[in-house]
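Enquirer:
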Amino acid sequence: MATSKKSLQTLAQDRESLALVTARHPALEVFSMFIANRAALVAMVVLMAIILAAIIGPMVYKTDPFEMVWAPFTPPGTEGFILGTDYLGRDLLAGLLHGGRVSITIGLVAALMSVFIGISFGAFAGYYRGYVEEVLMRITEFFQVLPTLLFSMVIVALFGASLQMITIAIGLVSWTAVARITRGEFLRIRELEYVTASRSAGATDLKLIFQVILPNALPPIIVQAALMVGSAILFEAGLAFLGLSDPNVVSWGQIIGSNRLYILDASYTVTVPGLAIFITVLAISLIGDGLNDALNPKLRSR
Amino acid sequence: MALFRQISKRIAYAAALLLAVVILNFLLIHIAPGDIADTIAGDMGGATAEVMAQIRIDYGLDKPFIVQLGLYLWNVLQFNFGYSFFFNTPVTALIAERLPATLLLVFTAQILALVIGIILGVISAKKPHGWLSHFVTLLALFGYSAPVFWTGIMLLIGLSLMVPLFPVAGMVDVTLLDAPLWRQYLDIAHHLFLPALTLASIFLALYSRLCRASMLEVLGSDYIRTARAKGLSERDIIYKHALKNALSPVIILAGLQFSAVVSGAVLVETVFSWPGLGTLALQSILARDTPTILGILFFSALVVIIGNLLTDLALRFIDPRINSK
Amino acid sequence: MSDTILDVKNLRVEFNTRGGIVPVLDNLSFSLDRGERIGFVGESGCGKSMTALALMGLLPSIGRVASGQILFKGQDIVNASTKRMQDIRGNEISMIFQEPMTSLNPVFTIGSQIAEVLHRHRNMDKSEALKTAVDLLDAVKIPDARNRIASYPHQMSGGQRQRVMIAIALACEPEILIADEPTTALDVTVQAEIFDLLRDIGVQTNTAMILITHDMGAVRQMAQRMLVMYAGRKVEEGTVDQIIKSPRHPYTKGLISCVPHIRKGADRLPNTLPEIDGIVPDITSFGKDQCLFAPRCERLTQQCLDRKPDHQMIGKAEQQSVSCWHPYGRQT
């Protein structure tokens, strides 16, 4: 009898140890998932390097990107110009460093703006349903119908091509995806028990929206927000390529746009800034992918 | 009949959206600094205050806001978007001349992206860890991250300048204007290839990735297990049972992308000097030709709306569940 | 034994999991005669469905038959070619599943889904196959069959969809029909109808059936013999009457006492419904050389933990067999 008693105990312990799932703080869990994703980690390092170059670069490398410093079309690596000069003899490296500042800043601010608009639309539509939802989603659909680039071209054309106006034009046309995602999450979460519980505990609508539901709706929105920074950078590059950029600042797209007629003479003036955009946006996409894997509970359990 | 009613409802809704675009256009004209009088005056190289006032009366700018809106709507209803002082042509005529080229580019790119994307997605879903699967992932990242105008220029450098396989610019070869019709069509297709491929590259990546994910999900579903239990061959299971189900999300995404395709077309047209609405838009914006710009905004929205309607129809054709909702 | 249609011998199915290779089916043997109906009983995760999938050759990609034989009409189909298995599936061995709501393809009409299997195995052309589909829908008692073949799955109720699944499974007059929890997802009244239908068809067409369920009542109503599974192993087998009358394995006993009304002549109900404490062990402990039920068992002794019990005959020949060190309680 004694032996079987003891065995029963060990068996019970075995059973418990099987049931014991290593519990950690969710943020830590997400972080470690993200770290485990090698591509995302490399992308993070690359993006940090690019941002650092954009911040510090212009301070260290003092050449004015607008100034004609040498003969046009000086190939990269010659005459002391690492990336060569463009059709007006301007230093391409200086343009790249200064342009990075503008491109990344516009990308970040425009993405922030569109995330803000998108969350507002999606949250109120998903929370209030009915009449409010109808109106807000119709407005969203209306914005989906307007070709984003053309619409922002029109805004810039009518109201001027200043940095602020370009940022606003981008943010104003690219929030619809965030609104759709936010609304979907709100529709799902508002039916969950803990929301009902807080509601019956007397929480106000605004408290429910911003303190109860929104924090739980954030994961897919964060992923989308990361991707939005990338697409805003592409967007700005597109506008600048068309010549619709602030004439007082350099940006990556604008370098490509102004040099594109001379690709026969010097294709690097287009290739290099294009690569800069590509690598930056690629890094952001990979980080977005990594965040998605880390934040998606369905994948996490695997 | 239920189907007919639903489709007419969709069309009515599309019309409402278009009306909203027109109103937006009108508001933009009103909010924007400067008006027609300024434009004309600028054209003439300056004008006195009296002349300016006369122009404003001629164009109805002295009338109340709501009357002006009514007038604008009435004009649009007759496809009258005003007169372009820069091109010296009615806006509608200008757009009618450019619209076909854009339609050709946009729809070719969409179809190209869908067909290639779906094929890649399906093949890579069959071996989710094979090299093709990784290739699709890489392609998706490229398509998402590379600026489309840059992709276009790179293709231009590679396939038109270094290896002269395709024409550098334009849509038709003027030396072929007397050639037989089939030769001219072939020529257009030749010109179309690079721009369409460039534009498709963004969306091809998107669709192949979604199609792969969607196929993988469908292949794990209960009805695929049923199909296996029926003794069907893998080919029937994948191409008949799985694909038809996996298509819906891809088609829905394609519908949502129509406005992005039109946006991308503006850039691609500029790179390849394609004589469509995009190049016209850029010209008119640089010339501050407001009526033309707004006319283009209206017609491009129309293209998107028609694209959405077509998507909707395709979806109904694929998934019977939609019709009974 | 000449009319044995299926003979499974020492079947071992392994899963390649992150925790290593585990046997989800461990040394399983049973046989099935033509026209016989056998019930497979046990909680979820005991290997019932895996048995069915192994028979169909449809194990998930992480699983494989490690050893043993599946003799179908005397021929081992464990290593049969893909082509051969495709010819068997839906033709000689058919299967219906637990989830009628999701088991039919939503984008095809039910007519075409029935016709498809006839086209595949009977080489019928489209109109002939559709005509046969109408007859099949009649046979599974779907009203207005002629018009319903144009319906899509979402236009039908769960019970009707399961009837369609049965029609598909029976279309080619299979020798064996495997029904994996066919009514779990359905309303109670519909459950009874589906069981009646299955039994009637089984009797009429002399189709052998494997009914997988955790519902003892259903087994009693449907099957002649039953087989109780626990953690990938067979723990008890025998005729339904004999086992319900005197279950020898504590697990079987627990399952039966969960359904108090099931025994004939049970004149008094127990005061409390006895339930089996605990849960099915984690899959990683499958295959250990011990009685896997031991942690939940009231008869537990050291012997149970030291070695896995052999499967032994009990009482009259062929009527009952059990895998337990203490089939008559701990005293023996």
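Chains as they are written, first to last, in our numbering: chain A, 1 to 302; chain B, 1001 to 1325; chain C, 2001 to 2332.
No residue lacks a Cβ here, since even glycine has one placed at the ideal position from N, Cα and C.
(1) Would I2336(C) be called buried (16 or more neighbouring beta carbons within 10 Å of its own) or exposed?
(2) Can you pull the chain B neighbours of R260(A), defined as C-beta to C-beta under 7 Å?
(3) Taking C-beta to C-beta, are I2003(C) and G2039(C) nearer than 9 Å?
(4) Go ahead and label G1170(B) buried or exposed: buried means 16 or more other beta carbons lie within 10 angstroms of its beta carbon, across all protein chains shown.
(5) For a contact defined as C-beta to C-beta under 8 Å, what are the partners of I2149(C) on chain B?
(6) For I256(A) versus A237(A), is the C-beta distance shorter than 9 Å?
(7) Measure how close the beta-carbons of S143(A) and T176(A) come, nearest whole angstrom, since I'm counting them as under 8 Å.
(8) Touching or not, the segment 2092 to 2107 of chain C and the segment 1244 to 1251 of chain B, by the rule of three or more beta carbon pairs under 8 Å?
(9) I'd like to confirm the pairing. Which residues does DSSP put opposite V2022(C) in its beta bridges?
(10) Going by the beta-carbon positions, is the gap between I2096(C) and P2182(C) smaller than 9 Å?
(11) So, is F1317(B) buried or exposed, given that buried needs 16 or more other C-beta atoms within 10 angstroms?
(12) Using three-state DSSP, classify R101(A) as helix, strand or coil.
(13) With a threshold of 9 Å between beta-carbons, can N1327(B) be considered close to chain C, or not?
(14) Starting from G2063(C), trace the beta strand (DSSP E) in both directions and tell me its first and last residue.
(15) Taking C-beta to C-beta, are N2010(C) and S2081(C) nearer than 9 Å?
(16) Tell me the DSSP secondary structure of I1293(B) in three-state form.
(17) Can you tell me which of V249(A), L218(A) and T63(A) puts its alpha carbon nearest to the alpha carbon of I181(A)?
(18) Report buried or exposed for D91(A), applying the criterion of at least 16 other Cβ atoms within 10 angstroms of its Cβ.
(19) For M2165(C), report the span of its alpha helix (DSSP H) as first-last.
(20) Going by beta-carbon coordinates alone, are Q2320(C) and R2248(C) separated by less than 9 Å?
(21) Can you tell which of T140(A), L146(A) and R38(A) has its C-alpha closest to the C-alpha of L1294(B)?
(22) Taking C-beta to C-beta, are T2213(C) and L2170(C) nearer than 9 Å?
(23) For L2227(C), report the span of its beta strand (DSSP E) as first-last.
(24) From what residue to what residue does the alpha helix (DSSP H) around S304(A) run?
(25) Let me know the secondary structure DSSP gives A237(A) once reduced to three states.
(26) Who pairs with V2322(C) in a beta bridge, going by DSSP?
(27) Thinking C-alpha only, which one of F2015(C), S2029(C), F2195(C) and Q2098(C) is nearest S2044(C)?
(28) Using only alpha-carbon positions, find the residue among A2223(C), K2253(C), V2228(C) and D2310(C) that is nearest to M2209(C).
(29) Where in the segment 1054 to 1128 of chain B do unbroken runs of the alpha helix (DSSP H), each at least 4 residues long, occur, reported from the N-terminal end onward?
(30) Touching or not, the segment 253 to 268 of chain A and the segment 181 to 201 of chain A, by the rule of three or more beta carbon pairs under 8 Å?
(31) What residues in its chain sit with their C-beta under 6 Å from that of I2088(C), if we drop five residues either side in the sequence?
(32) Under 9 Å between the Cβ atoms of F1081(B) and I1066(B)?
(33) For a contact defined as C-beta to C-beta under 9 Å, what are the partners of L2104(C) on chain B?
(34) Please decide whether D1319(B) counts as near chain C, where near means a Cβ-Cβ distance under 9 Å.
(35) Is I2279(C) helix, strand or coil when you go by DSSP?
(36) Going by DSSP, name the residue or residues bridged to R2037(C).
Expert: Short version:
(1) The structure shown does not extend to residue 2336(C), since chain C spans only 2001 to 2332, so no value can be given for it.
(2) Position 260 of the first sequence holds residue 260(A). Per Cβ cutoff of 7 Å: I1153.
(3) Here residue 2003(C) is taken as the residue at index 3 of the third sequence, counted from 1. Here residue 2039(C) is taken as the residue at index 39 of the third sequence, counted from 1. Before going further, note that residue 2003(C) is Asp rather than Ile in the sequence given. Not in contact: D2003(C) and G2039(C) (Cβ atoms no closer than 9 Å).
(4) On the second sequence, position 170 is the one that residue 1170(B) refers to. With fewer than 16 other Cβ atoms within 10 Å, it is exposed.
(5) To locate residue 2149(C), count along the third sequence from 1; it is residue 149. Simply none; closest approach about 14 Å.
(6) As a first step, residue 256(A) must be located in the first sequence, where it is residue number 256. As a first step, residue 237(A) must be located in the first sequence, where it is residue number 237. Yes, the Cβ-Cβ distance between I256(A) and A237(A) is below 9 Å.
(7) Mapped onto the first sequence, residue 143(A) falls at position 143. Mapped onto the first sequence, residue 176(A) falls at position 176. Looking at the sequence itself, residue 143(A) is Phe, so the reference to Ser does not match. With 8 Å as the limit, F143(A) and T176(A) qualify as a contact, their Cβ atoms being about 5 Å apart.
(8) yes
(9) What you label residue 2022(C) is simply residue 22 of the third sequence in a count that begins at 1. Answer is F2015(C).
(10) Counting from 1 along the third sequence, the entry for residue 2096(C) is found at position 96. Counting from 1 along the third sequence, the entry for residue 2182(C) is found at position 182. Cβ atoms of I2096(C) and P2182(C): closer than 9 Å.
(11) Taking the second sequence and counting its residues from 1, the one referred to as residue 1317(B) is at position 317. So F1317(B) ends up on the exposed side.
(12) Translated into positions along the first sequence, residue 101(A) becomes position 101. R101(A): helix per DSSP, three-state reduction.
(13) An answer regarding residue 1327(B) cannot be provided, because it is not within the stretch 1001 to 1325 covered by chain B.
(14) Your numbering for residue 2063(C) matches position 63 in the third sequence. G2063 to F2072 is the extent of the beta strand (DSSP E) around G2063(C).
(15) On the third sequence, residue 2010(C) is found 10 positions in, with the first residue counted as 1. On the third sequence, residue 2081(C) is found 81 positions in, with the first residue counted as 1. In this structure, S2081(C) does not lie closer than 9 Å to N2010(C) by Cβ.
(16) Translated into positions along the second sequence, residue 1293(B) becomes position 293. Three-state DSSP puts I1293(B) in a helix.
(17) The residue labelled residue 181(A) in the question sits at position 181 within the first sequence. It is L218(A) whose Cα lies nearest to the Cα of I181(A).
(18) Taking the first residue of the first sequence as 1, we reach residue 91(A) at position 91. It is buried - the Cβ of D91(A) has at least 16 other Cβ atoms within 10 Å.
(19) One-based indexing of the third sequence puts residue 2165(C) at position 165. M2165(C) -> alpha helix (DSSP H) spans G2158 to L2170.
(20) On the third sequence, residue 2320(C) is found 320 positions in, with the first residue counted as 1. On the third sequence, residue 2248(C) is found 248 positions in, with the first residue counted as 1. It is a contact, given that the beta carbons lie within the stated cut-off.
(21) Numbered from 1 along the second sequence, position 294 holds the residue referred to as residue 1294(B). If we check each option's Cα against that of L1294(B), L146(A) comes out closest.
(22) The sequence position of residue 2213(C) within the third sequence is 213, counting from 1. The sequence position of residue 2170(C) within the third sequence is 170, counting from 1. Taking 9 Å as the Cβ cut-off, T2213(C) and L2170(C) do not qualify as a contacting pair.
(23) By one-based count along the third sequence, residue 2227(C) stands at place 227. It spans R2225 to Y2230 - the beta strand (DSSP E) in which L2227(C) sits, taken as one unbroken run.
(24) This structure leaves residue 304(A) out entirely; chain A is present only between 1 and 302.
(25) Sequence index remark: in the first sequence, residue 237(A) carries index 237 (1-based). Helix, per DSSP.
(26) As a working note, residue 2322(C) is residue 322 in the third sequence. According to DSSP, which records beta bridges pairwise, V2322(C) is partnered with E2236(C) and Q2312(C).
(27) By one-based count along the third sequence, residue 2044(C) stands at place 44. Comparing Cα-Cα distances from S2044(C) to each of F2015(C), S2029(C), F2195(C) and Q2098(C), the minimum goes to Q2098(C).
(28) One-based indexing of the third sequence puts residue 2209(C) at position 209. Ranking the options by Cα distance to M2209(C), first place goes to A2223(C).
(29) 1065 to 1077 and 1091 to 1126
(30) no
(31) Counting from 1 along the third sequence, the entry for residue 2088(C) is found at position 88. So no residue of the chain qualifies.
(32) Residue mapping note: residue 1081(B) aligns to position 81 of the second sequence, counting from 1. Residue mapping note: residue 1066(B) aligns to position 66 of the second sequence, counting from 1. No.
(33) Sequence index remark: in the third sequence, residue 2104(C) carries index 104 (1-based). Under the 9 Å cutoff, chain B gives D1222, Y1223 and T1226.
(34) Locating residue 1319(B) in the second sequence gives position 319, where the first residue counts as 1. Closer than 9 Å: yes.
(35) Taking the first residue of the third sequence as position 1, residue 2279(C) is located at position 279. In this structure, I2279(C) counts as coil in the three-state DSSP scheme.
(36) Locating residue 2037(C) in the third sequence gives position 37, counting from the first residue. For R2037(C), which the question treats as bridged, DSSP gives the partners M2209(C).
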